[in-house]
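Q: Numbering (full-length UniProt numbering), first residue to last: 1 to 348. Beta carbons are placed, not taken as given, at the ideal position from N, Cα and C, and that holds for glycine. Before I ask anything, let me first share the structure, which is written out below as structure tokens.
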């Protein structure tokens with residue numbers, strides 16, 4: 001009732017004023033025309049005038065406001081005239097203002113999202129070009145040197161071909177990771193969920209990168225002896241990719257002569273948490289929130305020396321989130337880092 005009174009306040013008062021004016025005219029007519037009009041006639045006339053005035057004024061006011069608001073929608077590019085419904089336009093200016101404000105806020109948010117996406121697209125293309133440029137120019141330089149005559153020297157030939165091959169390997173790695181993350185973000189990820197022993201999978205990753213770790217004198221180990229299998233549910237190939245990326249990162253950026261420790265612990269009644277710890281340099285606090293962004297590097301020069309695409313942690317995050325699980329990061333600069341993620345326990 002309050003809403004109706006508020007909405008039609010303008011029309012009611014306007015109709016009342018018109019009716020009173022009409023009654024005054026009728027009374028004056030009654031007096032000057034020698035009582036030719038009866039009291040009942042004047043009352044009926046007043047009621048009829050009130051009803052007619054109310055609807056005429058209400059309709060005219062709504063039409064007047066609607067036409068002007070419609071023109072405003074047409075003039076302002078962020079407003080869509082199709083979103084404007086005639087029944088939303090009343091003489092209640094407060095409600096009308098609120099309605100228009102809601103439309104403006106909604107459209108403004110859409111524009112902000114589009115602007116953010118456009119900025120992200122530009123940054124992404126710039127990062128891709130930057131990442132590809134270095135290995136491409138390196139490979140091109142070695143090949144041109146060989147073409148210009150250096151190929152005659154067998155020792156230089158072998159050395160330059162080996163370096164060019166490393167450049168091609170890095171290009172392949174970047175393109176492979178770009179393809180994977182593009183699929184993750186556009187097509188989503190089809191998960192092949194199965195039960196497997198996470199301890200066995202971690203050991204396989206240790207065996208795979210044992211030689212790489214030895215080159216930096218880094219020890220890969222469990223936090224303790226696991227006598228029994230720890231069965232989890234997930235896509236074993238995707239989880240292996242997660243472990244590979246995290247273990248390789250701990251080798252690349254860990255301290256020479258350091259240790260990478262992996263542990264599997266209960267997270268809650270239904271989940272395990274897998275932790276990958278290293279005692280390397282650690283990460284400064286200001287970098288932690290952005291570490292899972294594509295191409296984000298804490299140390300640009302050192303990261304490029306170590307190789308990689310700059311997409312590893314972003315891929316890890318996408319895979320874990322595709323499992324509806326959580327990935328966590330703790331790090332103290334100068335002491336080391338701990339990456340961890342949860343996985344659902346499998347019923348035995």
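1. Which first and last residues belong to the beta strand (DSSP E) in which residue 336 is found?
2. Grouping DSSP H, G and I as helix and E and B as strand, with all else coil, what is residue 190?
3. Candidates 343, 109 and 158: which alpha carbon is nearest residue 195's?
4. Do we get a CB-CB distance below 9 Å when we pair residue 252 with the residues of chain C?
5. In angstroms, rounded to a whole number, what distance separates the CA positions of residue 147 and residue 138?
6. Whole angstroms is fine: what's the gap from residue 330's alpha carbon to residue 292's?
7. Starting from the C-beta of residue 191, find all residues in its chain whose C-beta is less than 8 Å away, skip the five residues before and the five after it, and write them out in chain order.
8. With distances taken Cα to Cα, identify the nearest neighbour of residue 244 among 218, 209 and 157.
9. For residue 138, which of helix, strand or coil comes out of DSSP?
10. Nearest to residue 260 by CA position, among 133, 276 and 201, is which residue?
11. Compute the Euclidean distance between the alpha carbons of residue 270 and residue 332, then round it to the nearest angstrom.
12. Suppose the cutoff is 6 Å on Cβ atoms and the five residues either side in sequence are ignored; what does the same chain contact list for residue 340 look like?
13. Quick check on residue 282: buried or exposed, where buried means 16 or more other Cβ atoms within 10 Å of its Cβ?
14. Is it the case that the Cβ atoms of residue 316 and residue 242 are separated by a distance below 9 Å?
15. Please report how far the alpha carbon of residue 314 lies from the alpha carbon of residue 153, in whole angstroms.
16. Applying the criterion that 16 or more other CB atoms from any shown protein chain within 10 Å of the CB defines a buried residue, is residue 252 buried or exposed?
17. Are the beta-carbon atoms of residue 167 and residue 144 separated by less than 9 Å?
18. Just tell me which of 108, 21, 345 and 257 has its CA closest to the CA of residue 268.
19. Rounded to a whole number of angstroms, what is the C-alpha to C-alpha distance between residue 228 and residue 155?
20. Roughly how many angstroms lie between the CA atoms of residue 158 and residue 164, to the nearest whole one?
21. Determine the burial state of residue 247: buried for a count of at least 16 other Cβ atoms within 10 Å of its Cβ, exposed for fewer.
22. Let me check understanding here. Comparing Cα to Cα, which of 319, 114 and 338 lies closest to residue 278?
23. Does the distance from the CB of residue 162 to the CB of residue 201 come in under 9 Å?
24. Counting only the same chain and skipping the five closest in sequence on each side, list residues whose C-beta sits under 8 Å from that of residue 171.
25. So is residue 289 buried or exposed if we call it buried at 16+ other beta carbons inside 10 Å?
26. What residues match up with residue 331 in a beta bridge as DSSP calls it?
27. Nearest by alpha-carbon distance to residue 232: which of 193, 22, 334 and 174 is it?
28. Find out if the Cβ-Cβ distance for the pair residue 312, residue 177 is shorter than 9 Å.
29. Using alpha carbons as the reference points, say which of 212, 199, 287 and 21 lies closest to residue 257.
A: Looking at the atomic coordinates:
1. It spans 336-345 - the beta strand (DSSP E) in which residue 336 sits, taken as one unbroken run.
2. Residue 190 sits in coil when the DSSP states are folded into three classes, being neither helix nor strand.
3. Looking at the Cα atoms, 343 is the closest of the given residues.
4. This model lacks chain C altogether; it includes just one protein chain.
5. Roughly 14 Å between the two C-alpha positions.
6. Each residue's alpha carbon lies about 13 Å from the other.
7. 234, 235, 238, 322 and 323, listed in sequence order.
8. Ranking the options by Cα distance to residue 244, first place goes to 209.
9. Residue state, collapsed to three classes: helix.
10. The shortest C-alpha separation from residue 260 is found at 276.
11. Each residue's alpha carbon lies about 29 Å from the other.
12. Same-chain partners within the cutoff: 273, 275 and 328.
13. Label assigned to residue 282: buried.
14. Contact flag set, yes.
15. Computed Cα separation, rounded: 43 Å.
16. Label assigned to residue 252: buried.
17. The answer is no: Cβ separation not under 9 Å.
18. The residue with the shortest Cα to Cα distance from residue 268 is 345.
19. Answer to the nearest angstrom: the Cα atoms are 53 Å apart.
20. Going by the C-alpha atoms only, they are around 10 Å apart.
21. Answer is buried; the Cβ neighbour count reaches 16.
22. The shortest C-alpha to C-alpha distance from residue 278 to any of 319, 114 and 338 is the one to 338.
23. No, they are not a contact pair.
24. Only residues of its own chain outside the window of five on either side were considered, and among them 132, 135, 136 and 139 have a CB closer than 8 Å to the CB of residue 171, listed in chain order.
25. With fewer than 16 other Cβ atoms from the protein chains shown falling within 10 Å of its own Cβ, residue 289 counts as exposed.
26. Per DSSP, the beta bridge partners of residue 331 are 337.
27. Among 193, 22, 334 and 174, the Cα nearest to that of residue 232 is on 193.
28. Yes, they are a contact pair.
29. Ranking 212, 199, 287 and 21 by Cα distance to residue 257 puts 212 first.
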